[in-house]
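Taking it in order: structure first as structure tokens, then the write-up.
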């Protein structure tokens with residue numbers, strides 16, 4: 013099966029008279045239909061540059077970019093239709109309404125009409141009848157309008173750069189579920205962001221990038237090392253029950269200062285441990301598996317790279 | 003797709019309030035020249051001659067600034083909003099985008115000029131009548147080679163004269179567009195070309211190569227000026243398209 017997007021050995025350098033600044037170094041990745049790929053890294057890591065290369069706005073110094081079957085590194089390559097792009101901080105013709113802006117953009121390809129434009133605006137929580145010029149939109153409204161222009165023509169590949177910029181918590185949650193909905197319909201989504209929580213919740217695969225180097229690529233299907241769990245109980249009597257359980261199962265125990273709880277290092281899965289403790293009569297306030305999160309993996313990868 | 007982008011560029015400029023302010027300023031200058039200044043001349047010129055005279059007196063110093071501001075404004079939109087990205091990611095190549103942009107911009111500026119020139123024509127007709135009698139004294143304002151044409155159809159001659167200036171505006175705006183390829187600050191673009199233009203009118207002798215000489219009617223024939231502007235337009239547009247096409251980010 014052909015990938016929706018295939019990047020091979022992408023390098024991007026900006027040259028000035030005396031210096032060469034490498035923004036991307038040997039980046040390779042693939043993106044398939046129905047997949048959400050997260051590209052995360054600190055500011056200046058090269059996320060936006062890679063996204064611009066993927067949609068033909070910039071050209072790589074070295075490497076090959078194949079998008080929807082078209083090699084974009086070939087001279088005068090025509091960008092295929094079926095790509096929706098949101099580059100960070102979208103802004104529109106300030107004097108025209110949001111609807112008029114979208115209508116003008118829709119007329120370029122001519123594949124959708126005004127009803128589809130209105131439907132997309134409503135989907136993004138915007139009122140098509142709003143006569144306010146786009147220049148007076150709030151940051152969140154501009155972002156919603158930017159998202160609307162990216163998705164209104166039903167793209168097969170959606171490239172999003174920091175899509176939750178300026179959105180309120182409800183907007184973030186709605187966008188997250190909509191991205192998953194698009195992926196379920198077979199759309200390939202590339203999401204560049206520095207918000208780890210956002211990426212972790214929605215992405216199937218993730219690449220961690222720093223200063224143009226991809227440090228690690230992970231899939232949500234990768235096995236995650238299990239180290240035990242953290243828990244909190246009601247009182248000292250319960251904690252002593254936990255201590256007894258830990259001794260029986262050769263588990264390590266480290267209590268947090270001032271609370272009846274702490275970390276339990278064990279290979280026993282959480283459901284089994286929970287069942288044992290409840291049967292022993294312990295009142296459990298909370299229990300959380302101790303696994304690597306995207307945040308811990310990210311910080312670890314960045315620290316390793318720094319060393 | 004290409005035609006849509008040309009139309010969008012025109013709409014973009016027309017949506018700007020400052021565009022209409024420029025049109026009003028230019029029309030006001032024409033009308034002022036015809037209504038207020040010309041009656042003081044003895045003998046007062048006929049309507050077509052007054053119209054041509056107003057164009058000669060006003061355009062050479064005002065339209066470089068107007069086109070400069072319009073071109074700079076057009077690029078300011080690109081720099082301050084993501085429109086170019088939106089268009090380019092819809093499949094238009096950068097080269098075709100800039101051709102469309104240049105065309106749309108030149109057409110918008112010509113539209114601005116047409117509105118202003120029409121206002122001047124109406125003012126001339128209202129103040130001096132539609133069917134004027136041409137006096138011999140007025141021939142001093144017209145190139146000798148064009149006298150016969152002027153005498154036969156004075157208004158048609160005046161319209162062609164305005165047409166040449168529309169072409170001049172298109173050529174001028176394309177040159178300003180070319181400058182924006184190298185000068186990334188729109189404000190500079192609105193100041194540098196008119197300054198070059200006005201410096202040239204002062205420094206150069208009044209031959210066919212002097213921009214002021216070209217816009218006057220006393221030197222050169224109408225068709226000669228037309229060809230000159232046509233060549234200027236084609237050369238400037240070609241260089242702009244090539245240079246802009248090489249840039250990565252609009």
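Chains as they are written, first to last, in the numbering used here: chain H, 13 to 319; chain B, 3 to 252. Glycine included, every Cβ here is placed at the ideal spot set by N, Cα and C. None of these values were measured; they are calculated from a predicted model.
**Message:** If I measure Cβ to Cβ from residue 180(H) and keep anything under 7 angstroms in the same chain, skipping five residues before and after, which residues do I get?
**Reply:** Here residue 180(H) is taken as the residue at index 168 of the first chain, counted from 1. Taken in chain order, the residues that qualify are 152.
**Message:** For residue 209(H), tell me which candidate among 309(H), 197(H), 264(H) and 222(H) has the shortest Cα-Cα distance.
**Reply:** Walking along the first chain from the start, residue 209(H) turns up at place 197. Measuring from the Cα of residue 209(H), the nearest candidate turns out to be 309(H).
**Asked** Do residue 34(H) and residue 25(H) have their C-beta atoms closer together than 8 angstroms?
**Response** As a first step, residue 34(H) is located in the first chain; it is residue number 22 there, counting from the start. As a first step, residue 25(H) is located in the first chain; it is residue number 13 there, counting from the start. Yes, Cβ-Cβ distance for residue 34(H) and residue 25(H) is below 8 angstroms.
**Prompt:** How about residue 201(H) and residue 191(H): are their beta carbons less than 8 angstroms apart?
**Reply:** Taking the first chain and counting its residues from 1, the one referred to as residue 201(H) is at position 189. Taking the first chain and counting its residues from 1, the one referred to as residue 191(H) is at position 179. For residue 201(H) and residue 191(H), yes; Cβs fall inside 8 angstroms.
**Nearest-angstrom Cα separation, counted from residue 165(H) out to residue 112(H)** = Stepping through the first chain from its first residue, residue 112(H) is reached at position 100. Stepping through the first chain from its first residue, residue 165(H) is reached at position 153. Near 15 angstroms, if we compare the C-alpha coordinates of residue 165(H) and residue 112(H).
**Prompt:** Count the other CB atoms within 10 Å of the CB of residue 251(B); is the residue buried (16 or more) or exposed (fewer)?
**Reply:** As a position in the second chain, residue 251(B) is number 249, starting the count at 1. Because residue 251(B) carries a pLDDT of 46, less than 50, the predicted location of this residue cannot be relied on, and no value is offered for it.
**Request:** Please list the partners that residue 119(H) has in chain B, where partner means a Cβ-to-Cβ separation under 7 angstroms.
**Result:** To locate residue 119(H), count along the first chain from 1; it is residue 107. Residues of chain B passing the Cβ test: 6.
**Message:** Which of the three DSSP states is assigned to residue 41(H) in this structure?
**Reply:** For the purposes of this step, residue 41(H) is taken as residue 29 along the first chain, with counting starting at 1. If DSSP states are grouped into helix, strand and coil, residue 41(H) belongs with the strands.
**Item:** Residue closest to residue 67(H), alpha-carbon to alpha-carbon, out of 101(H), 167(H) and 143(H)
**Value:** By 1-based counting over the first chain, the position of residue 67(H) is 55. Nearest C-alpha to residue 67(H): 167(H).
**Message:** Under 7 angstroms, CB to CB, which of the residues in the segment 157-172 of chain H have a partner in chain B?
**Reply:** 161
**Test item: CB-CB of residue 111(B) and residue 175(B) under 8 angstroms** = Looking up residue 111(B) in the second chain gives position 109. Looking up residue 175(B) in the second chain gives position 173. Yes, these two residues count as a Cβ contact at 8 angstroms.
**Message:** What does the Cβ neighbour count give for residue 233(B), buried or exposed, with the cut at 16 atoms within 10 Å?
**Reply:** The residue labelled residue 233(B) in the question sits at position 231 within the second chain. Answer is exposed; the Cβ neighbour count stays below 16.
**Contact list for residue 162(B) against chain H, beta-carbon separation under 9 angstroms** = Here the question's residue 162(B) lines up with position 160 in the second chain. Near residue 162(B) there are no residues of chain H at all, since even the closest Cβ is about 35 angstroms away, more than 9 angstroms.
**Request:** Could you check how far apart the C-beta atoms of residue 276(H) and residue 263(H) are, in whole angstroms? I think they sit under 8 angstroms.
**Result:** Residue mapping note: residue 276(H) aligns to position 264 of the first chain, counting from 1. Residue mapping note: residue 263(H) aligns to position 251 of the first chain, counting from 1. The Cβ separation is near 5 angstroms, so the contact holds.
**Message:** Could you compute how far the alpha carbon of residue 93(H) sits from the alpha carbon of residue 92(B)?
**Reply:** Position 81 of the first chain, counting from 1, holds the residue named residue 93(H). Position 90 of the second chain, counting from 1, holds the residue named residue 92(B). Approximately 7 angstroms between the Cα atoms of the pair.
**Asked** Got a sec: is the Cβ-Cβ distance from residue 2(H) to anything in chain B below 8 angstroms?
**Response** Nothing can be reported for residue 2(H): it is not among the residues displayed for chain H, which extend from 13 to 319.
**Request:** Could I get the ranges of all uninterrupted alpha helix (DSSP H) runs contained in the segment 10-93 of chain B, with 4 residues as the minimum, in chain order?
**Result:** 19-34, 49-82 and 85-90
**Asked** Which word fits residue 205(B), buried or exposed, when buried means at least 16 other C-beta atoms lie within 10 angstroms of its C-beta?
**Response** On the second chain, position 203 is the one that residue 205(B) refers to. Counting Cβ neighbours within 10 Å, residue 205(B) comes out exposed, since fewer than 16 surround it.
**Prompt:** Should the segment 67-74 of chain B be regarded as contacting the segment 111-130 of chain B, the criterion being three or more beta carbon pairs within less than 8 angstroms?
**Reply:** yes
**Request:** Pick helix, strand or coil for residue 171(H), following the three-state DSSP scheme.
**Result:** Here residue 171(H) refers to the residue found at position 159 when the first chain is read from its first residue. Looking at residue 171(H) - three-state DSSP - the assignment turns out to be strand.
**Request:** Tell me, to the nearest whole angstrom, how far the beta carbon of residue 120(H) is from that of residue 3(B); I am working on the premise that it is less than 8 angstroms.
**Result:** Here residue 120(H) refers to the residue found at position 108 of the first chain. Here residue 3(B) refers to the residue found at position 1 of the second chain. Yes, residue 120(H) and residue 3(B) are in contact; Cβ-Cβ is about 6 angstroms, under 8 angstroms.
**Request:** Mind checking who residue 296(H) pairs with in its DSSP beta bridge?
**Result:** Counted from its first residue, the first chain places residue 296(H) at position 284. Bridge partners of residue 296(H): 245(H).
**Item:** For residue 119(H), the first and last residue of its enclosing alpha helix (DSSP H)
**Value:** Taking the first residue of the first chain as 1, we reach residue 119(H) at position 107. Note, residue 119(H): alpha helix (DSSP H), 110-121.
**Item:** Inter-stretch contact (C-beta, 8 angstroms, three-pair minimum) for the segment 227-246 of chain H and the segment 289-299 of chain H
**Value:** yes
**Item:** Reduced DSSP category for residue 251(B) - H, G, I as helix; E, B as strand; rest coil
**Value:** Locating residue 251(B) in the second chain gives position 249, where the first residue counts as 1. Confidence is the limiting factor: at residue 251(B) the pLDDT is only 46, short of 50, which leaves the residue's position unreliable and the question unanswerable from this model.
**Prompt:** the segment 71-101 of chain B: which residues have C-beta closer than 8 angstroms to a C-beta of chain H, in chain order?
**Reply:** 79, 82, 83, 84, 85, 87, 88, 89, 90, 91, 92, 93, 94 and 95
**Request:** Can you have a look at residue 54(H) and say buried or exposed, based on whether 16 or more other CB atoms are within 10 angstroms of its CB?
**Result:** Numbered from its first residue, the first chain carries residue 54(H) at position 42. By the neighbour-count rule (16 or more Cβ atoms within 10 Å), residue 54(H) is not buried but exposed.
**Prompt:** Hey, is the segment 170-177 of chain H in contact with the segment 88-106 of chain H, meaning 3+ C-beta pairs nearer than 8 angstroms?
**Reply:** yes
**Message:** List, in chain order, every chain H residue whose beta-carbon is nearer than 7 angstroms to that of residue 20(B).
**Reply:** As a working mapping, residue 20(B) is identified with position 18 in the second chain. Those within 7 angstroms of residue 20(B) in chain H number zero; the least Cβ separation is about 10 angstroms.
**Message:** Using the Cβ count rule (16 or more neighbours within 10 Å means buried), how would you classify residue 147(B)?
**Reply:** Position 145 of the second chain, counted from the start, is the residue given in the question as residue 147(B). Counting Cβ neighbours within 10 Å, residue 147(B) comes out exposed, since fewer than 16 surround it.
**residue 5(B), buried or exposed, once every other Cβ within 10 Å from all chains shown has been counted against 16** = Here residue 5(B) corresponds to residue number 3 of the second chain, with the count starting at 1. Exposed, because fewer than 16 other Cβ atoms sit within 10 Å of the Cβ of residue 5(B).
**Message:** Which residues in chain B have a C-beta closer than 9 angstroms to the C-beta of residue 17(H)? List them in chain order.
**Reply:** Translated into positions along the first chain, residue 17(H) becomes position 5. By Cβ distance, chain B contributes nothing, its closest Cβ being about 14 angstroms from residue 17(H), past 9 angstroms.
**CB contact below 8 angstroms: residue 118(B) versus chain H** = Within the second chain, the letter at position 116 stands for residue 118(B). Output row for residue 118(B): interface = no.
**Request:** Compute the beta-carbon to beta-carbon distance between residue 103(H) and residue 82(B), rounded to the nearest angstrom, for a pair I have assumed lies under 8 angstroms.
**Result:** What you label residue 103(H) is simply residue 91 of the first chain in a count that begins at 1. What you label residue 82(B) is simply residue 80 of the second chain in a count that begins at 1. Contact flag correct, Cβ pair sits at about 7 angstroms.
**Item:** Interface residues of chain H facing residue 1(B) [CB-CB closer than 8 angstroms]
**Value:** The displayed coordinates of chain B run from 3 to 252. Any statement about residue 1(B) would go beyond what the structure contains.
**Asked** In chain B, which residues lie less than 9 angstroms from residue 115(H) when you measure between Cβ atoms?
**Response** In the first chain, residue 115(H) corresponds to position 103, counting from 1. Under the 9 angstroms cutoff, chain B gives no residues; its nearest Cβ is about 10 angstroms from residue 115(H).
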